[in-house]
Amino acid sequence: MPDKKILIKMPTDIIPIFTKKEEELANKIKELAVIELFREGKISSGKAADILGMQRFEFIRYISRQGIPYFDMDKEELERDIFVAMGKAR
């Protein structure tokens with residue numbers, strides 16, 4: 030699918046919060062949007078990585094460093110999945 034350019038208006042005083050170099054602003058906003066779509070479960074890690082020009086594993090490591098979990102399970106869900114994978118009922 031081809032890319033589409035969009036125009037975003039924002040106060041100039043918040044631009045330095047995104048990045049020190051204004052020419053990197055579009056890429057930073059794109060990155061943040063893609064990460065948020067992944068975090069919300071709207072796109073896969075593979076799709077997110079593709080959009081950002083990364084390998085999937087690189088994307089997973091990147092979001093982990095940002096404090097965004099790749100797996101979003103609580104302890105009970107994880108234990109249940111482990112027992113299922115081991116072929117045991119719980």
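In the working numbering, the protein residues as written are 30 to 119.
Just so it is clear, CB atoms sit at the ideal spot from N, CA and C, and this is done for glycine as well.
K71 carries a coil assignment under DSSP once its states are collapsed to helix, strand and coil. Boundaries of the alpha helix (DSSP H) harbouring I92: 85 to 94, taken from the DSSP string. Our two residues, S74 and G82, have alpha carbons roughly 12 Å apart in a direct line. DSSP, read as helix, strand or coil, puts K33 in coil.
Beyond the five residues adjoining it in sequence on each side, L66 comes within less than 8 Å, by CB distance, of I72, A77 in the same chain, given in chain order. When secondary structure is reduced to three states using DSSP, K38 falls in the coil class, being assigned neither helix nor strand. The beta carbons of I58 and F47 sit about 7 Å from each other, so the pair counts as a contact at 8 Å.
Boundaries of the alpha helix (DSSP H) harbouring P45: 44 to 47, taken from the DSSP string.
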